[in-house]
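Residue numbers (my numbering), protein chains in the order written: chain Z, 663 to 777; chain H, 335 to 445. Here is the structure we will look at, set down as structure tokens.
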């Protein structure tokens, strides 16, 4: 079974621009979560989508948004980029297994650098 | 408010011995617990999970133990291998709500 894939893997943008990151979850997983990882703040939850609906949201400004499509693929968008948005953006897909275990798998991330 | 705590920032273990990583939580609503291994600048790698209806789950060299009354879980790795050297995070979720991560424990396995 293929893992979580994210595109692009690396991105360089300038301040004020906007960016869209893409995530394809593991086949059969309907929940997709997004996280921001920085050296100083660690792993911070952005939002989660389930069946095309945002189910949870972290404490990030409205410049960060996302959506999920009917095939469970998800995109996140950051508008009006700031230098502090430079980070590794991780996507994770999750499911409950047949034995009742909750599993969440992360993709390799998109490294965003804002200059 | 740190709902998930890993009080040991680092652990050093000899190859072949057992590594025990600990995690405490405060929210009694948590019903799923996960362990991850992480290398710098990479996403976390899922290792093993447990639900609150169980007190033990094992997968190969990894075993997770859950003590609900003490709000404590631990990850046992046996035998430890040099390739296990990484940062380990525990995470918890209430009803598959967002994961709450601990601060991590750096494990070093030496020959």
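No residue lacks a Cβ here, since even glycine has one placed at the ideal position from N, Cα and C.
- In the three-state reduction of the DSSP assignment, residue 728(Z) falls in the strand class, which pools E and B.
- Excluding its 5 nearest sequence neighbours in each direction, residue 396(H) has C-beta neighbours in its own chain below 8 Å: 369, 381, 382, 409, 410 and 411, listed in chain order.
- Sequence-ordered contacts of the segment 429-440 of chain H with chain Z read 430, 431, 432, 433, 434, 435, 437 and 438 [C-beta pairs closer than 9 Å].
- Pairing residue 713(Z) with residue 730(Z), the inter-Cα distance amounts to about 7 Å.
- By the Cβ test, the segment 670-680 of chain Z is in contact with the segment 737-754 of chain Z, since at least three Cβ pairs between them sit closer than 8 Å.
- Separation of the CB atoms of residue 361(H) and residue 425(H) is rounded to 12 Å, and the pair is thereby denied contact status at 8 Å.
- Annotated three-state conformation of residue 345(H) is strand, per DSSP.
- If you look at residue 697(Z), you'll find it in the beta strand (DSSP E) that goes 693-700.
- For residue 704(Z), the enclosing beta strand (DSSP E) begins and ends at 704-712.
- Residue contact with chain Z for residue 427(H): present (Cβ-Cβ distance below 9 Å to some residue of chain Z).
- Within the same chain, Cβ atoms closer than 8 Å to the Cβ of residue 352(H) are found at 410, 411, 412, 413 and 414, the five residues on either side in sequence being excluded.
- What residue 767(Z) touches in chain H, judged by beta-carbon distance under 8 Å, is 380, going in chain order.
- Going by C-alpha positions, residue 421(H) is about 24 Å away from residue 431(H).
- Ranked by Cα distance from residue 715(Z), the first of 702(Z), 704(Z) and 695(Z) is 695(Z).
- Note that the C-beta distance between residue 404(H) and residue 365(H) is not below 9 Å.
- Counted as a single uninterrupted DSSP element, the stretch harbouring residue 677(Z) is not any beta strand (DSSP E), since DSSP gives it neither H nor E.
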